[in-house]
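Throughout, the numbering used here is defined as the position within the sequence shown, counted from one, plus 88.
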Amino acid sequence: MTPDRRRRLIGWVPAIAWLSMIFVLSSQPSLPSPPSVSDKEAHAFTFGVLAVLLLMGLTAWRWRTVTRSALLAAFLLAVAYGVSDEVHQRFVPGRTPDVADVVADAVGAALAMGAAGAWAILLDRRRTAARP
């Protein structure tokens, strides 16, 4: 296996671990949440992190390869997983699916992809400015 292929495969490990954590937590009949964090904030944070990890998997953790297509793909994958998570909760006793949760997931993923896109642009400009 080439080093590049190994890097690409290893790049997906954090995203797969995060996806697994979401699945396990969604399989619980109920989850306690800290009083200072709303359910929707938790969803936005969780799926924002997921979108970034998916982006890193798609780009093998190379910020210079971040493109609009990769940002969009990571966003869509995160939202699709959010939808599947709510469908999954329909079959978990004590849990109910909620469209508002999917909206919070999408907002978190969109904000994260906006920040990631801005970061990639900043890094590219700094790299370009450093060249003679």
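By construction, the Cβ of each residue, glycine as well, lies at the ideal position given by its N, Cα and C atoms. Here the structure is a predicted model, which means the values were calculated and not measured.
Checking 8 Å against the spacing of the C-beta atoms, do ASP186 and GLY170 come in under that value?
Result no, Cβ atoms of ASP186 and GLY170 do not sit closer than 8 Å.
Can you say whether ASP173 is buried or exposed, counting buried as having 16 or more other CB atoms within 10 angstroms of its CB?
Flag for ASP173 reads buried.
How long is the line joining the alpha carbons of ARG93 and ALA218, rounded to whole angstroms?
Straight across, the Cα-Cα distance linking ARG93 with ALA218 is about 29 Å.
Please report how far the alpha carbon of LEU164 lies from the alpha carbon of PRO117, in whole angstroms.
Looking at the two C-alpha atoms, the distance is approximately 27 Å.
ARG156 in three-state terms, based on DSSP:
Assignment of ARG156 by DSSP, reduced to helix, strand and coil, places it in the helix class.
Among residues of its own chain, excluding the 5 on either side of LEU141, which ones have a beta-carbon nearer than 6 Å to its beta-carbon?
Leaving aside the five residues that flank LEU141 on each side, the residues in its chain whose CB is nearer than 6 Å to its CB run, in chain order, PRO102, ALA103, TRP106.
Just how far apart, CA to CA, sit VAL156 and HIS176?
Strictly speaking, residue 156 in this sequence is Arg, with Val absent from that position. Rounded to the nearest angstrom, the two C-alpha atoms are 30 Å apart.
State the DSSP-derived secondary structure class of ARG213, mapped to helix, strand or coil.
In the three-state scheme derived from DSSP, where H, G and I count as helix and E and B as strand, ARG213 is classed as helix.
Compare the beta carbon distance of PHE39 and ALA161 with 8 Å and say whether it is the shorter of the two.
Outside the shown range of the chain, which is 89 to 220, sits residue 39, and nothing can be said about it.
With the cut-off set at 8 Å, would you say MET201 and ALA148 are in Cβ contact?
Taking 8 Å as the Cβ cut-off, MET201 and ALA148 do not qualify as a contacting pair.
Determine the direct distance from the alpha carbon of LEU119 to that of PHE179, and round the result to whole angstroms.
Between PHE179 and LEU119, the C-alpha separation is close to 16 Å.
When the distance is taken between beta carbons, is ALA208 closer than 8 Å to VAL137?
Against a cut-off of 8 Å, the Cβ pair of ALA208 and VAL137 comes out as no contact.
How is the alpha helix (DSSP H) around VAL112 delimited, first residue to last?
In the DSSP assignment, VAL112 falls within the unbroken alpha helix (DSSP H) covering 101-114.
Mind listing, in chain order, the continuous alpha helix (DSSP H) runs of no fewer than 4 residues lying wholly within the stretch 118-205?
As far as the stretch 118-205 is concerned, its whole alpha helix (DSSP H) runs of at least 4 residues are 127-147, 156-177.
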